[in-house]
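Top to bottom, those sequences are chains A and B. Those letters in the first sequence? Residues 1 to 401, by the numbering used here. Those letters in the second sequence? Residues 1001 to 1105, by the numbering used here.
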Amino acid sequence: MKRREFFKTAAVTAGAAALGTTAAEAGVTHQPIDNRKIGNVAFPEKRPLITYSDRPPLLETPREVFTCALTPNDQFFVRWHMPDIPTYIDTDKFTIHINGMVKKELKITLKELKEDYEQVEVAAVLQCGGNSRSAFDPTAGGIQWGNGAMGCALWKGVRLRDILDRAGLKKGAEWLAVQGKEKAAYYETPNFIRELHLDELDDHVIIAYQMNGEDLPYLNGFPVRLIIPGVYSDSWIKMITNITVTDKYKKLFFMDHAYVVPDNECECETPEKLFPKTKPIYRMNVKSIIGYPTNGAKLTLKSQTVVRGVAFDGGAGIREVQISLDGGKTWDKAILDSGKLGRYAYRTFRYGFRPDKLGKLEIMAKAINKLGEEQPLAKDIKWNHGGYKYNGIDVVTVEVV
Amino acid sequence: MKVMKKVLLAALIAATPMMAQVKEKIEVPYIAFPIKMGKGFDVVQANCLMCHSFGYIINQGRQSKKFWEGKVNKMIVHFKAPITDKDKKIIVDYLFKHYGNGKEQ
């Protein structure tokens, strides 16, 4: 959307609100909840984070971490689906089993993974499809995440393509079912499996054993997880034990019922009339988060202030981040980092200014990617029942004293 | 021989490109989430806690009766939780009473 068109749309929507359209019935969107307290208990290899659940562990990264291009491992968010997570991995015995429609089944040990294949690195953002879900009203189903169900890391591992080449695909092979080690309490519960089409595999899809130069933390999928840059994290299977090659797509709970959005152009619906057809969430949309200042911060009048944050998208790359200090009337370009981490990573941005008026000040950040796609205002985002893919313009309210 | 073994072991350790930063079993802490007490709580505890913490319940936000019914159904249909019809009703009533938004739909 061109900037001018965007403002037109925004103005029309604002007008509708002023006329008293009962937006709540249609489903509305606002800024996600942002005042959650950090827990007082640290999980293994983590600093205390915002804690939603211990079993399975669900931990959110606080906003102030989103000033760095790479999220520290001990502050990286955590999201599991099943109650039973292996709490010990024997690294000598652990193997990844490649089976199904392959010419040669493989059982790859960690040592083989690190020594027998070409080692590659990719910096990429890992974001839960439900990140910022608390923005949706009526409340969308699921954990009411703020903005911190995301992080960016430098992942090191082996191309999945290279592993499949080693195994050799049989004729007719089309799908991969990737399975991790987390287990349900009941045998009958479906396993958390993700199906990938072979066409989705490019050179950036890797099985990673290292994150920011260290072993993956247990809670981020030690010893190996799948990395699919640009794609929401429900596909990034943790503690991978098995990859089965098949010719047919198997219907799966998590892909076909859980992580889905309405299969229409706006990917939207209303609470009264849910759209009957759905599709799995996949590529991430353009988004930015302000890491500094945070909501409620006090800035000093006339003192030089640098707004900092991160921006990313599904892999097209970030073209520009703009900042507004007047409620979105005017926008000014922020300075972007060099982008040397690549198109799947965070681009950090910074914007210097001197607050010149006492009182409340709203700082807004908007990212635009290289395809020209830009973040909409929160209120222009359409509702969906799962509360997925929120990417509203971030707003932080500070006080100038 | 013993010395030899030790040397070998040391060499092996040195040759391993990376030792895990965690060498023993990890312990995931238990968090006491402030779940509300009330009628049906014992049934909620017996059924829901098998698979997930109370954090999972209280962090869903306030929801309609239909939503909570849907959630419990999901646990039964998709996650195969063995919840009886009698317990299902008690659980939904409890969830709606303490974590509901007052709306049926």
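Just so it is clear, CB atoms sit at the ideal spot from N, CA and C, and this is done for glycine as well. Since we're looking at a predicted model, the values are computed, not measured.
Margin query: Is there a Cβ of chain A sitting closer than 7 angstroms to that of B:Tyr-1099, yes or no?
Written below: no
Margin query: Comparing C-alpha positions only, which one of A:Arg-225, A:Ser-324 and A:Asp-54 sits nearest to A:Val-205?
Written below: A:Arg-225
Notebook entry, point to check: How many whole angstroms separate the CB atoms of A:Asn-295 and A:Thr-397, which I take to be in contact at a CB cut-off of 8 angstroms?
Noted result: 6 angstroms
Margin query: At the level of alpha carbons, what is the spacing between A:Ala-184 and A:Val-41?
Written below: 25 angstroms
Checklist line | Complete runs of the beta strand (DSSP E) confined to the segment 120-192 of chain A [at least 3 residues] | finding: 120-127, 150-159 and 175-180
Check: Is the CB-CB distance between A:Leu-219 and A:Pro-57 below 7 angstroms?
Finding: yes
Notebook entry, point to check: Do A:Met-364 and A:Gln-127 have their CB atoms nearer than 7 angstroms?
Noted result: no
Margin query: Is the separation between the beta-carbon of A:Ile-381 and that of A:Thr-29 shorter than 7 angstroms?
Written below: yes
Note to self: Between which two residues does the beta strand (DSSP E) holding A:Met-364 run?
What the structure shows: 359-369
Item checked: A:Lys-111, enclosing alpha helix (DSSP H) - first and last residue -> 110-115
Check: Closest Cβ-Cβ distance between A:Pro-48 and chain B: below 7 angstroms?
Finding: no
Check: Should the segment 379-393 of chain A be called in touch with the segment 130-148 of chain A, which here means at least 3 C-beta pairs below 8 angstroms?
Finding: yes
Checklist line | Buried or exposed by the 16-neighbour rule on C-beta atoms within 10 Å, applied to A:Glu-115 | finding: exposed
Note to self: In whole angstroms, give me the CA-to-CA distance for A:Leu-361 and A:Gly-327.
What the structure shows: 9 angstroms
Notebook entry, point to check: Quick one: Cα of B:Phe-1067 to Cα of A:Lys-340, how far?
Noted result: 45 angstroms
Notebook entry, point to check: Among A:Lys-37, A:Trp-80 and A:Asn-35, which one has its Cα closest to the Cα of A:Arg-55?
Noted result: A:Trp-80
Notebook entry, point to check: Is it true that the CB of A:Lys-366 sits closer than 7 angstroms to the CB of A:Ile-335?
Noted result: no
Note to self: DSSP three-state label for A:Met-211, please.
What the structure shows: strand
Check: Which term fits A:Ile-38, buried or exposed, when burial requires 16 or more other beta carbons within 10 angstroms of its beta carbon?
Finding: exposed
Note to self: Taking its Cβ as the centre, do 16 or more other Cβ atoms sit within 10 Å of A:Asp-313, making it buried, or is it exposed?
What the structure shows: buried
Next item on the list: Quick one: using the 10 Å Cβ neighbour count with 16 as the cut-off for buried, is B:Cys-995 buried or exposed?
Entry: Limits of chain B in this structure are 1001 at one end and 1105 at the other, which puts residue 995 of chain B out of reach.
Check: Under three-state DSSP, which class holds A:Asp-34?
Finding: coil
Next item on the list: At 8 angstroms on the CB atoms, spell out the chain B contacts of A:His-204, in chain order.
Entry: Ordered by position in chain B, no residue passes the 8 angstroms Cβ test against A:His-204, which lies about 23 angstroms from the chain.
Item checked: Exposure label - A:Glu-374; buried when at least 16 CB within 10 Å -> buried
Note to self: For a cutoff of 7 angstroms on Cβ pairs, would you count B:Ile-1091 as touching chain A?
What the structure shows: no
Checklist line | Cα-Cα separation, A:Asn-391 to A:Lys-103 | finding: 43 angstroms
Margin query: So if DSSP puts B:Pro-1082 in a beta bridge, which residue, or which two residues, is it bridged to?
Written below: According to DSSP, which records beta bridges pairwise, B:Pro-1082 is partnered with nothing at all.
Note to self: According to DSSP, simplified to helix, strand and coil, what is A:Leu-58?
What the structure shows: strand
Note to self: A:Thr-348 and A:Ala-69 - do their beta-carbons sit closer together than 7 angstroms?
What the structure shows: yes
Check: Quick one: is A:His-197 buried, meaning 16 or more other Cβ sit within 10 Å of its Cβ, or exposed?
Finding: exposed
Check: Is B:Gly-1102 close to chain A, meaning its C-beta is less than 7 angstroms from at least one C-beta of that chain?
Finding: no
Next item on the list: Go ahead and pull the three-state DSSP assignment for B:Phe-1067.
Entry: helix
Margin query: For the structure I just gave you, are there three or more beta carbon pairs, one from the segment 1023-1037 of chain B and one from the segment 295-309 of chain A, closer than 8 angstroms?
Written below: no
Note to self: Does the segment 258-274 of chain A come into contact with the segment 107-121 of chain A, if we say contact requires no fewer than three beta-carbon pairs (one atom in each stretch) closer than 8 angstroms?
What the structure shows: no
Next item on the list: For chain B, find out if any of its Cβ atoms is closer than 7 angstroms to the Cβ of A:Arg-55; answer yes or no.
Entry: yes
Item checked: Close-in-space but distant-in-sequence residues of the same chain around A:Gly-100 (CB under 7 angstroms, 5 per side omitted) -> Thr-244, Val-245 and Thr-246
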